[in-house]
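**Student:**
There are 2 protein chains.
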Amino acid sequence: MTRVRCRQLAPRIGEPDYNHAQILESIRASGGVDLLVLPELASSGYMFHDEAEARSVAMTPADDRVAEWVEAVPQDTIVACGYPELGDDGVVYNSAMLFDGSGVLANYRKVHLWHEENTVFRAGDERAPVVDTRLGRLGLMVCYDLEFPEYTRNVAMRGADALVVPTNWPLVERPEGERPPEVVIAQAAARTNKMAVICCDRSGVERGQEWNEGTTVISHEGWVVAEVDASGAAECDLDLQAGRDKRIGPHNHLFEDRRPDVY
Amino acid sequence: MTRVRCRQLAPRIGEPDYNHAQILESIRASGGVDLLVLPELASSGYMFHDEAEARSVAMTPADDRVAEWVEAVPQDTIVACGYPELGDDGVVYNSAMLFDGSGVLANYRKVHLWHEENTVFRAGDERAPVVDTRLGRLGLMVCYDLEFPEYTRNVAMRGADALVVPTNWPLVERPEGERPPEVVIAQAAARTNKMAVICCDRSGVERGQEWNEGTTVISHEGWVVAEVDASGAAECDLDLQAGRDKRIGPHNHLFEDRRPDVY
């Protein structure tokens, strides 16, 4: 079993030192956790006025702060964290990294940009990574990416056992008693692909914006197995590789049953 | 607003006359209903021993019984109903029809076969129809078809305002308080495509098989707006065309935001 923890941080825009310290503390406190997931743009906050503001706090994966995170990772823990990336090309991306104590395992630039992100970031052009780790094969995408079922399918078909999703879900209306719509979408992505989906949202009001605070861990069967609690974390044990066999019963297979000839 | 009614019938296998009468009665009782949806294989039942048994009750859309259904349709009602089809090619399909008082509007052969259906039916080779009606553009698929997000996306991108889904959902385990997994998948299909999804399941134990009895009407926002009640129907008013504009906010569009270059 894999010990999963999503730490639903509240970054503060314009306070990168505070955010950095908060990430570092979350990493240091993750002893015994196999997979620690932090939110989208955890190092910076989300509600940028413009591209210049995002650029002012953007980092490369070679940044000293990232080196500090890597150095702080307890043995055997893998961490996912969102941050604004300054690319080699001088462009600012909404990115996420997967790293452990040995260094950065994967870096990903969000492909589907939500709302005013379109005025702040450039969309990535590389598909979501699937990284073979000791926990299983981990896919990595960011927030709105998850709402494209073609994309979650693609990651699953490239072998992801679990999809790790740092998010910032702006608060949306929902009927009493319902989960955030993004969680319903994540459950369907899990169920239709037999793939765990692990979403870490954020908290804290930022420039008037509230959030769903919908941090949720979903099994490969599509069921919610952990939601964020009063401590600000969603935590559980999960067999990340339990959905690797895509057969369902003697006659069906989630991928082989696909009929691209009619889609 | 469109008045939608899903009538969750309990067909009896081996009693086609009973099933025919039950369908006819449901159609006759649908005055004032704009869209009446009946289950998959409503004319025959589901738990066939083999292909020969299905063949013995299979019909063509030109069957006299279908003519009786058409004749019974109240003015302005559109009906969806599942049945076993005997094709011109002599092959037996798991099909559904859309019809009104003027005749059959569309016929569809299920493309994704579930479980032992694979030993009974041949899978269809034509994609789900999208039919322009006075209620809006109606897509039509059957049960397990719905669990392929590529397929629901395809129907939405071909213009379906609402997806009509006759189903037979065999009872599956689910955690206390959760909806059937197929409903969660339908909610995600609705939300990610801004398309209403209308699922009519069945009831009644047949050869030991129970059903989810998960009949549900879902809005284009992905919310459940009607579930089956004690009368055996799910019924509501719904604006079927409310999700036709696929923009969400000033910067996003559900279809134009897709990035096939990375899928």
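Chains as they are written, first to last, in the numbering used here: chain A, 1319 to 1581; chain B, 1319 to 1581.
The C-beta atom is built at its ideal place from N, Cα and C for all residues, glycine as well.
All values derive from a computational prediction rather than experimental measurement.
#1: Ordered along the chain, which non-local residues of its own chain (more than five positions away) have a Cβ less than 6 Å from that of A:Ala-1360?
#2: Any idea if B:Thr-1437 is buried or exposed, counting beta-carbon neighbours within 10 angstroms, 16 or more meaning buried?
#3: Would you kindly work out how many angstroms separate the C-alpha atoms of B:Gly-1408 and A:Ala-1508, rounded to a whole number?
#4: In angstroms with no decimal places, state the Cα-to-Cα distance between B:Arg-1321 and B:Leu-1481.
#5: Closer than 7 Å by beta-carbon distance: list the chain B residues that pair up with A:Trp-1529, in chain order.
#6: Just checking my contact of A:Asp-1582 with A:Val-1429 at CB under 8 Å: how many whole Å lie between their CB atoms?
#7: Going by DSSP in three states, A:Ser-1413 sits in which element: helix, strand or coil?
#8: From this set, A:Ile-1331, A:Val-1535, A:Thr-1470 and A:Asp-1418, which residue's C-alpha is nearest A:Glu-1386's C-alpha?
#9: Is it buried or exposed, A:Met-1415, if we count other Cβ atoms within 10 angstroms and call 16 or more buried?
#10: Assuming A:Asp-1450 is part of the alpha helix (DSSP H), what are its boundary residues?
#11: Can you tell me whether B:Ile-1516 is helix, strand or coil according to DSSP?
#12: For A:Thr-1510, which option in A:Val-1460, A:Leu-1453, A:Arg-1565 and A:Leu-1404 has the closest C-alpha, if you only look at C-alpha atoms?
#13: Nearest-angstrom Cα distance between A:Leu-1458 and A:Glu-1545?
#14: Is there a Cβ of chain B sitting closer than 7 Å to that of A:Asn-1436, yes or no?
#15: Any chance the segment 1442-1454 of chain B sits against the segment 1527-1540 of chain B, with 3 or more Cβ pairs inside 8 Å?
#16: Following the continuous alpha helix (DSSP H) through A:Thr-1437, name the residue where it begins and the one where it ends.
#17: Would A:Arg-1476 and A:Val-1448 be called neighbours here (beta carbons separated by less than 7 Å)?
#18: Specify, as a first and last residue, the run of the alpha helix (DSSP H) that A:Pro-1402 falls within.
#19: From the DSSP output, which residues share a beta bridge with A:Glu-1304?
#20: Shorter than 7 Å from the beta carbon of A:Tyr-1469 to some beta carbon of chain B?
#21: What is the rounded straight-line gap between the Cα of A:Ile-1331 and the Cα of A:Cys-1517?
#22: Pull the bridge partners of A:Trp-1529 from the DSSP assignment, please.
#23: In chain B, what lies closer than 7 Å to A:His-1367 by C-beta?
#24: Beta carbon of B:Pro-1402, beta carbon of B:Ser-1362: below 7 Å?
**Tutor:** From the atom records:
#1: Leu-1327, Pro-1329, Ile-1341, Cys-1399 and Gly-1400
#2: exposed
#3: 39 Å
#4: 15 Å
#5: For the C-beta of A:Trp-1529, not a single chain B residue is nearer than 7 Å; the gap to the nearest is close to 16 Å.
#6: Nothing about residue 1582 of chain A can be read from this structure; chain A reaches only from 1319 to 1581.
#7: Strand at A:Ser-1413.
#8: A:Asp-1418
#9: buried
#10: Premise fails: A:Asp-1450 lies in the beta strand (DSSP E), 1448-1451, not in any alpha helix (DSSP H).
#11: In this structure, B:Ile-1516 counts as strand in the three-state DSSP scheme.
#12: Ranking the options by Cα distance to A:Thr-1510, first place goes to A:Arg-1565.
#13: 20 Å
#14: Yes - at least one Cβ of chain B is within 7 Å of the one on A:Asn-1436.
#15: Contact between the segment 1442-1454 of chain B and the segment 1527-1540 of chain B is absent: fewer than 3 CB-CB pairs across the two stretches fall below 8 Å.
#16: Note, A:Thr-1437: alpha helix (DSSP H), 1435-1438.
#17: Note that the C-beta distance between A:Arg-1476 and A:Val-1448 is below 7 Å.
#18: Segment 1396-1404 is the beta strand (DSSP E) holding A:Pro-1402; no alpha helix (DSSP H) there.
#19: No information on residue 1304 of chain A is available, as it lies outside the stretch 1319 to 1581 that chain A covers here.
#20: Yes, because at least one Cβ of chain B sits closer than 7 Å to the Cβ of A:Tyr-1469.
#21: Distance between the alpha carbons of A:Ile-1331 and A:Cys-1517: 21 Å.
#22: A:Pro-1488
#23: The premise fails here: A:His-1367 is roughly 16 Å from chain B at the closest Cβ pair, so nothing lies under 7 Å.
#24: Yes, the pair counts as a contact, with Cβ atoms nearer than the cut-off.
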